[in-house]
Structures are given as C-alpha cells and as structure tokens.
Amino acid sequence: MIARLYRPFVMSLVLVSPIACASSEPTSAEQNAAVPLGVDLGGSGPVLASAQPQAPAEAMLVSAQAAAPQHSGEMQMAHAGQNDAHGTGTVNSVDPTQHKINLSHQPIPEIGWPAMTMEFPVAPSIDLKGIKPGTRVNFTIEQGQGGMYEIKAIAPAGGGR
Amino acid sequence: MSTARVLTLIAAFAAFATSSAAQTPVTDGETASMPRTKTGSDVQPVMDQAIFAHVLFNEFEGRWNGSNSEFRWDGQGWVGTDYDRLWIKSEGTLQGNGTLEDGQQQFLYDRAITTYFDLQGGLRSDIDSRPTRNWAAFGIQGLAPYFFDLEVTGFVSGEGHLAAKLEASYDLLITQRLILQPQLELNVYSKADPARLVGAGFSDIDTGLRLRYEFNRKFAPYLGVVYEGRFGQTANFARQAGESTGDFRFVFGIRAWF
Amino acid sequence: MKAFAPPLALTRRRFMQGAVAAGALSFVPRSLRTALAAPAPVLSGTEFQLEIGAVPVTINGRQTTATGVNGQVPAPILRWREGDTLTLAVTNRLSEPSSIHWHGVRTPSAMDGVPGLSFSGIAPGETFVYHFPVHQSGTYWYHSHSMFQEQTGLYGAIVIEPKGGYAQAFDRDYVVLLSDWSFEPPERIVSNLKFQSDYYNYGQRTLGTFLDDAQRKGLADTVADRLEWGKMRMSPTDILDVSGATYTYLINGHGPGANWTALFRPGERVRLRFINGSSMSIFDVRIDGLPMTVVQADGNDVAPVTVDEFRISVAETYDVLVRPTADRAYTISAQAEDRTGYARGTLAPRPSMAAAIPPMDPRPMRTMADMGMGSMQQGSMPGMSHGPMQGMAMDHGSMSAMSSMEASPEAKKLQGSVGVDNLAMVPTERLQSAGEGFPPGRRVLSYVDLRALKPGSDPRPPSHEITLHLTGNMERFIWGFDGKKFSEAGPIELKRGDRVRFVLINDTMMEHPIHLHGLWSELDNGHGEFRPYKHTINVKPGERLSYLVTADEPGRWAFHCHLLYHMETGMFREVHVA
Chain E
1 MIARLYRPFV
11 MSLVLVSPIA
21 CASSEPTSAE
31 QNAAVPLGVD
41 LGGSGPVLAS
51 AQPQAPAEAM
61 LVSAQAAAPQ
71 HSGEMQMAHA
81 GQNDAHGTGT
91 VNSVDPTQHK
101 INLSHQPIPE
111 IGWPAMTMEF
121 PVAPSIDLKG
131 IKPGTRVNFT
141 IEQGQGGMYE
151 IKAIAPAGGG
161 R
Chain D
1 MSTARVLTLI
11 AAFAAFATSS
21 AAQTPVTDGE
31 TASMPRTKTG
41 SDVQPVMDQA
51 IFAHVLFNEF
61 EGRWNGSNSE
71 FRWDGQGWVG
81 TDYDRLWIKS
91 EGTLQGNGTL
101 EDGQQQFLYD
111 RAITTYFDLQ
121 GGLRSDIDSR
131 PTRNWAAFGI
141 QGLAPYFFDL
151 EVTGFVSGEG
161 HLAAKLEASY
171 DLLITQRLIL
181 QPQLELNVYS
191 KADPARLVGA
201 GFSDIDTGLR
211 LRYEFNRKFA
221 PYLGVVYEGR
231 FGQTANFARQ
241 AGESTGDFRF
251 VFGIRAWF
Chain W
1 MKAFAPPLAL
11 TRRRFMQGAV
21 AAGALSFVPR
31 SLRTALAAPA
41 PVLSGTEFQL
51 EIGAVPVTIN
61 GRQTTATGVN
71 GQVPAPILRW
81 REGDTLTLAV
91 TNRLSEPSSI
101 HWHGVRTPSA
111 MDGVPGLSFS
121 GIAPGETFVY
131 HFPVHQSGTY
141 WYHSHSMFQE
151 QTGLYGAIVI
161 EPKGGYAQAF
171 DRDYVVLLSD
181 WSFEPPERIV
191 SNLKFQSDYY
201 NYGQRTLGTF
211 LDDAQRKGLA
221 DTVADRLEWG
231 KMRMSPTDIL
241 DVSGATYTYL
251 INGHGPGANW
261 TALFRPGERV
271 RLRFINGSSM
281 SIFDVRIDGL
291 PMTVVQADGN
301 DVAPVTVDEF
311 RISVAETYDV
321 LVRPTADRAY
331 TISAQAEDRT
341 GYARGTLAPR
351 PSMAAAIPPM
361 DPRPMRTMAD
371 MGMGSMQQGS
381 MPGMSHGPMQ
391 GMAMDHGSMS
401 AMSSMEASPE
411 AKKLQGSVGV
421 DNLAMVPTER
431 LQSAGEGFPP
441 GRRVLSYVDL
451 RALKPGSDPR
461 PPSHEITLHL
471 TGNMERFIWG
481 FDGKKFSEAG
491 PIELKRGDRV
501 RFVLINDTMM
511 EHPIHLHGLW
521 SELDNGHGEF
531 RPYKHTINVK
541 PGERLSYLVT
551 ADEPGRWAFH
561 CHLLYHMETG
571 MFREVHVA
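So the sequence lines, in the order shown, correspond to chains E, D and W.
So that you can map any letter, position 121 of the first sequence is 121 in the numbering used here, and since no number is skipped, the others follow by simple counting.
So that you can map any letter, position 58 of the second sequence is 58 in the numbering used here, and since no number is skipped, the others follow by simple counting.
So that you can map any letter, position 448 of the third sequence is 448 in the numbering used here, and since no number is skipped, the others follow by simple counting.
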C-alpha cells in the first residue's frame, strides 16, 4: 500500500513540515499557530437590492408542538458589514476621477498586513476634497465582494496640519 | 468406479451452476488500487461485482475431558462475488494419540438464491486416519429467522448411500464484546460404515456452549463446554473400539476470521 | 481496535498541536515546489492547477497517508465567481486512475468527472483539463469519483460568489467541511462489511439492554419486541454502517482535539458553510448556546429559518448565519447520527479559546415506521415501545392479508430476492419529521422548512413519473435500486426537455442521500413553486418522497446513493438524457 511506501518519508517530513509550515503560515489575525484557524473568506459586501427584510421563520420544536415562529429581527437588512480594519498612513496621491487613493500605511495587525504602499478604491460617499498628498490620515478599510479592500472612512490624523 | 460416479454427479452440477452464474469480471475488491480497466467504454463508474475472500475458524480449540485431550478445528473459507462463490469447509479432530477423526472436508460451489440463503453443491471428502470416503454434497446455508446460523447438507456416496448433516449456531450478546454461542452439529447416515465407526441412523452429535470475548471482530478467544455424543449403531461401534459414547469436554480456543 | 472514549476524555488527550496544524499542509509535491511557496488553502481566479497525489497527514496525533490535492487534505477551497468560465487542469500523481467531480455544479456532461459516464477517468500521470462556465452561486464541494479516494481524503469546498450579491449581509465567512477518516484501508472496510455487516456496530442489543427494557416496559413487551425484530432478521440498532469504531470525525481536516477555530468579533454576523464531505456519516450539527439561521441549502437560497440543530446527510450543504454577541467561545459540534463520535470546532473571539463540549445526545433506534410498517408514532423517542403495533402479526407472509399493508405488484416480485431484505409495506410521507434521535425542545430543521427564495424556473407540471425503490440486503451488504445493482440494470432514459417526477420509496431501514448529477432535483415539500432546488436528497427509512426534474442538460448522468460503500456495492444508476 501507499502507506508502506511513504513511511520512510513520513518520519523525515514530520521533522521538516513544522519548519516548512512555520514559514508559510497563512496570514491570520493573531499569531498563535498552535490552534488551526479557519480561513475567513470575508464579508458579504453590498447585498441584493431585492433581499427580503422579513424575520426568519423557525423550525418546529422536536416534541411536535408547533411553536409560533418567534420574531428575532436580527437578520433584517442592516447597514454594511463590520468586517473592517483600521490603519494609519500618509497619502501619496489622490485620483478624483477613479475615486482612488494611494497610501503608504503602517502595519495593520487586525488583518495581518505589514507596512505597505498601495492603492485603495474609496467608497463613493466619501468626499476626497480634503485629502491632499502628504497628509497623514487615519482610515478604515473594509473587504468587499471579491476580496478587494475599500476605504470607507478617512480623516486627517492628529488634528491635521 | 464409485469415485467416478461421484465425480460425474459433481461435473453435472457444476455445468448447471456455471450456466446460471452471473457474469463476473475479475476485479479484486479485497486488495487495494487498480481496477483492471481498459480504455474508454470498459471503464465502469462503480465496480459492484468485486470478488471478496474470507476464511473463518469457528472452532479452533483444545478439548479436555479430565483424562485426555484432543484438538478440533472447524472452519470455512470462500472466494467469489455476491452471487457465486467457491466454498471450502473443513473440520477434524486430532486425538492425543495422533489419529485424526471426523475429518470432513467439503469443496462446494455456492450460489446466493434468496435474501438469506445460499444453495451449495460439490464434493465432500472424509479424509482422516480412517478410510477415505467421497460424497456428492448438496445443501443450503444461511441465516434463519431469529438470527440462527444454519447449514443443512445432504450427501450421496458413489454406492448410493445417503447422509445428512445439520449445523446450527446462535450468537447471544451478553455485552458488545462478550458473546455466548450455543452450537450444534448432527450427522445422519443411511448405511453403516464400520471401517469409519459410523452406524446407520442418527450417528453423532457435537454440541457446545462457547463464551468468547471479541478483542476485535476478527480475533476472539473463548472458553466453553462441549458434548460429543454417539447414538445407536455408531455408539455400538464406539464401544467395541473402546471409545466413549458420550463425552463432556472443556474447550479453550480462538475464533478468528480474516 | 480503537476503544471509544467518552467525549470529555478526548479533550484531555495530548495532541501534537503543531503537527495537527501542519497535518493539513504537510507535503508539497516536488513538482509544485517551484510553483507554490506554500500550499494555499484558498485558490481563486479562473485558471486552476490541481495536482492529486498521496499526502502524508497527521490525524489525532497519528501519521498516515491520505489522498490530497496540491499537498492538502482537505483539498484547497476553490473560490469561483458566478458568470466566469473556468479552466481547471487536474494532474493525477497517484498510481491508480482518479477523477474529480464538481458536486452540485452544473457542467456539460463531459466535465462532470464520473469515470465511465463523463469520461474515462484521469490515468496516472495524465492531466485532464476541465473547462466550463459557471451559472450558479453558493456553497458546493468537489471530490474524487474513483474507487474509494473520496474516503482517503480527496474532497474540498467550492465557494461561488453570487453575481448580484448575497441575499443577507454578513461580516465573516468560513467553510466548515465535515468528513470521516479511517486508518483502515477502505477496501478492507467493505470487505469486513461483506463478511459481517454489523462489524462496526458496537451499539447492538445485548442481554444488558434486554434487562433494561424488561425493567422499563415489562418482560412480555420486551420479549415480543425482540421476537418481532428477530423474525425479520433485522436490528433496530443499525444506524450507520461504518461508525466511530473506526472513524475519526474531522472538521476541515482536523480531529476533535485540534480545536479548529473560526474567529469573530462579538456582534458580527458569521456565515458558516457546512458541507458534509464524508463517505458514510450523517451528522447532527449544532452550536451550543447559539441558534443558527439557515439561509442556503445545497447552494440555493432558502427563506431564512432559525434552528438549534440540523441533520446534514452525506454530500448535502447548509449555509447558516450566526450572530454571537457575547465575548466567549462557542462549540460547533457535529455528532455522528449513531452517537459514536463527533467532529468539533470552536467559534471564538480569540484563538486558543474553547467552550464546553456538550454531551452527545442519546443514540436513536429504528422504529417500525422505519421498516415501512406505517407511521404509527411520529418522532418516537429512542427505546420507545411500538405499542400500537404489538397486536398486529408482523409476519411478512401474513402481510398480504391486511389490505392496507398490501405490497404493490412490482414490489412483490422483489420479495425474497438476493438484493432485498425488506419492503416498506406502508411507506410514509414524513418530510416534516427531522428524524430520530433529537431530544424534545430543540428546533431541528426538516425538509418542509426549506422554501426557495424565488420560484422555480420551470413552471410545467411533470409529464410522467419514475418510481424507484431504494433497496438493500444488509446481511449480504448489497445495495441497489429496485432490487438490482448497477451492473444488473440499464440506464434510466429521459428526453431532453422532459419534466419528470422521481418518486423514491425507501424499502431499507437506513437513510440514503440520493444524488442526481447534472440536473436539479426540486423537492416536493408542500411549497408549490417555491420548492427547494437540491442536488442531494436524504430519504429516511420507510419514507416516500418525490421531486421534479427538468432534463435540460444532455448526457449520461450518475444517479446514486452518496454513501460511498452503498454506491460501490451497487446503489448506482445512469440517468441518460438524450
């Protein structure tokens, strides 16, 4: 069987694999690698315009008494998701036509990001007029549908300049 | 001469059996990996005609009656598909003095005919320290209502003598692993065979109560008591030969299958 | 032989935590080393390279070899988008043929991945390129359709993002892929079952249970009950053919002690995509202290329904939303239906938190309703006596004397045949029952709770009906449809564009998750045109149910029970859409 063929390799791999995996650990919010963590595929992003706002029904109780469905109201259409992270950085450039900002930001531990320079689309409701290149800003990003992070809030840091 | 007639009977049965046998592509379900597939249209999405093989030792025990001991085995093995199998049954008792008694070996073709029962046919050979006898064998084997394991087989010798054998057992679960098994084997013959110390009519009974502990399903040591009894003419022959006609023995053995 | 320890003991075992984490990512085949810096748990895009190979893994601290994809068990999560056209190059690095079937994903039949029907399989060393457009969204999964590779680890999740957006908002999203793992080779499992079909059942009736029952119900009742079942040569303790006696139940490839954790921030809405990717195990899933709102079944939106627990049969998927508001951990537990083990994970705000593992529920028992003797008692408790049935003679021979219990002519032909050990004389319609084994007071999902969010796309009534009996012989471990194995029967023929009703009658006393490839099964559950679209339908013992199918995709489609060892011993058919 395959098991017998691989047995000699398994012992060496057991030694190698923790080392190999330590260097290739998928990014996770916290650094504790002892417990396997689920891979978060992100928030839902904007929901269907036609999504039903009514309360969910309830399954019947097993003792065969038909319980009146209780209204929980939790699953109603709500404001956008809370899958957001916060960061600080310096604005490099602003593109008003595409509504994008290029930033150099500090590490964002909430999502395991190191310091980077990158471009973000900005939520349409945000006014980019007050954001100038060179401004230090605090911002909130949210992962949308398809995995892209988008800035949903941005303000000059430390009272601005 | 008589052997030839026995073999003719078996050949006739075998011809009948093979003509009714379902087609069985030779695919091994017991060992791993490769189904023997060729290209394209010969590939099947599921291989539900796999061949399996198993061997069971129901009795593999030392028997002790306080003064002498003997060793007995009773096992079966089969290979085949859901419908058609080749079946071997073997039993025998080895006496302390080295003689082999009650050596019944059967080589059968087995066909599943109903939900719980198989039809079997083939050859029985009595091979032990006494003169060898050959018989054609026909019978059924299966699970009777209330979970009794049942084997009923009839035999015809070359000279036209008849014999029959009934084996039954039941598994009573005391716990999930501790199982009490009453068991019975009964032999009947139409004609006496003095050379084999066998008389006409109900000949002998071998019945026991065995308590086994299943460490795993395939390996279960057991303790028990058995009664070996002889009746009628067989009892006479036994007395003349200086053997006992009824014997209680303690047994210790292993029930194993694989 | 693995002795089964009570639930709490498992958490005190020392597990090689690091090795368990590494277990899912242990071995990267040399050829992929250059391509992958590290095995990626999620693959997205439109072009994929998948390599099937042997993967050394560690499960519950024990090393073994599994069948994985890209060096991982479970296989990587594939993230697709509705509307994309995909190219998936699958290379087989095993020494035996392999295949990948995209379960629940509608593809042209040549891309469906069933050797013998879609194509001839992927030979060792070969690469097969799947190419198809995706016209649906939701949670699905993929697995091998060759021999027993699905049992040895070749399964993974598929998440298809909807084009227009989700119907409900959520903040986090986790795949929860449940599976069963045995250290015994699957060929040996089938061989064991062929010799002794109750090989893995360590919950049988004994002298001990006889005395217990006699004390509770009285000696006469208990004796009558034992005789009733004994005469049929059946056991009411037959729940799952392969149990925790050999299985370790896994959550995303991790055993119960590994404490697989999904993180959340209190107040967030978390989507959990439950997939039953096991071979033989039906799970009862609940999160102690947290109700779940079911929003999708088999990848399709349903009207949200809140439950405490749901039973997920092999190959089914349920997407649920939960909203944990407290800053604490919650245990996700998936008990095997026969209560011989469980898979367990944690929902927590931080890693290394764990909540108490609730004790397993009592083991269910089969009832006379499961034997198809009629629904005398709905939702009976485990061990309940079949009171009203006592007076009736249970002899199959005298069955025909009772006009209400007359078997149909085609069923009568099956009686006593090698492939059939029972016929449901009075199959019951009981979609509203969640099944046996749930304590009272819990809200458990049943099929009548599933109501599609939008009406079906084909409003036509069916033009004809196809009735199939789910049959089997437990003693011989033969399973089939209408008393026949796959090799003994021909294909079911449909014409392209047909609208047909399938009627399934389960003559056996076990659940069978019936899966039709390539076409949607619209379950008739009382919601009219809002009947749910499913790909796998769990038929309960003694149950009769029906579903509508529009044969809108031509080809040779597999149709089978998704219990792997039932499928491989005959419970399989071809549905040919010409």
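Glycine is no exception: its CB is placed at the ideal position from the N, C-alpha and C atoms.
Given the structure is predicted, the values throughout are model-derived calculations rather than measurements.
For residue 115 (chain E), the closest C-alpha among the options E:106, E:123 and E:122 is that of E:106. Under the Cβ distance rule, residue 254 (chain W) counts among the residues neighbouring chain E, one pair being separated by less than 8 Å.
Residue 105 (chain D): not part of any alpha helix (DSSP H); member of the beta strand (DSSP E) spanning 100-112, first to last residue. Burial check for residue 560 (chain W): the Cβ neighbour count within 10 Å reaches 16 or more, so the residue is buried. Across the structure, residue 98 (chain W) and residue 66 (chain W) are spaced so that their CA atoms are roughly 14 Å apart. Residue 58 (chain E) belongs to the set of residues whose beta carbon lies under 8 Å from a beta carbon in chain W.
Judged by DSSP in its simplified three-state form, residue 194 (chain W) adopts helix. With respect to residue 316 (chain W), residue 285 (chain W) sits apart: the two C-beta atoms are not nearer than 8 Å. In the three-state reduction of the DSSP assignment, residue 296 (chain W) falls in the strand class, which pools E and B. The three-state reading of DSSP puts residue 491 (chain W) in coil, since its state is none of H, G, I, E or B. Three or more Cβ pairs drawn from the stretch 330-337 of chain W and the stretch 275-282 of chain W lie within less than 8 Å of each other, which places the two stretches in contact. No Cβ-Cβ contact shorter than 8 Å links residue 96 (chain D) with residue 73 (chain D). Taking C-beta atoms as the reference points, residue 253 (chain D) and residue 62 (chain D) count as a pair closer than 8 Å. Secondary structure note for residue 145 (chain W): it is in no beta strand (DSSP E), with a DSSP letter that is neither H nor E. Shown here, residue 443 (chain W) sits in a strand according to DSSP, grouped into three states. Contact of residue 129 (chain W) with chain D is not assigned, every C-beta pair being separated by 8 Å or more.
Along the stretch 324-339 of chain W, none of the residues has a CB nearer than 8 Å to a CB of chain E. With the criterion set as a beta carbon lying under 7 Å from some beta carbon of chain E, the members of the stretch 346-372 of chain W are 350, 351 and 352, in sequence order. Residues of the stretch 421-451 of chain W with a C-beta atom less than 7 Å from some C-beta of chain D are 421, listed in chain order. With contacts defined by Cβ atoms closer than 8 Å, residue 43 (chain D) and residue 116 (chain W) form a contacting pair.
Our two residues, residue 222 (chain D) and residue 210 (chain D), have alpha carbons roughly 6 Å apart in a direct line. Judged by DSSP secondary structure, residue 257 (chain D) falls within the beta strand (DSSP E) whose first and last residues are 246-257. Comparing alpha-carbon positions, the option among W:103, W:121, W:124 and W:131 lying closest to residue 88 (chain W) turns out to be W:131. With a beta-carbon spacing of about 12 Å, residue 100 (chain E) and residue 124 (chain E) fall beyond the 8 Å limit used to define contacts. DSSP places residue 549 (chain W) in the strand class (E or B) of the three-state scheme.
Among the residues facing chain D, residue 466 (chain W) is not included, as its CB has no counterpart in that chain under 8 Å away. For residue 59 (chain D), no alpha helix (DSSP H) run applies; the uninterrupted beta strand (DSSP E) run containing it begins and ends at 52-64, by DSSP. In summary, the residues of the stretch 144-172 of chain W whose CB is separated from some CB of chain E by less than 7 Å are 159, 161, 164, 165, 166, 167, 168, 169, 170, 171 and 172, in the order they occur in the chain. Among the residues facing chain D, residue 132 (chain W) is not included, as its CB has no counterpart in that chain under 8 Å away. Judged by DSSP in its simplified three-state form, residue 205 (chain W) adopts coil rather than helix or strand. Neighbours of residue 122 (chain W) in chain E, taken as residues whose beta carbon is under 7 Å from its own, are absent, since the nearest beta carbon is some 17 Å off.
Look at the stretch 36-47 of chain E: the residues with a C-beta under 9 Å from a C-beta of chain W are 36, 37, 38, 39, 40, 41, 42, 43, 44, 45, 46 and 47.
Nearest CB-CB separation between residue 215 (chain W) and chain D: not below the 8 Å threshold.
Per DSSP, residue 474 (chain W) lies in no beta strand (DSSP E) segment and is marked neither H nor E. Taking C-beta separations shorter than 6 Å and ignoring five residues to either side along the sequence, the partners of residue 138 (chain D) in its chain run 121 and 154, following chain order. Listed along the chain, the chain D residues whose CB falls inside 8 Å of the CB of residue 237 (chain W) amount to none; the nearest CB is some 10 Å away.
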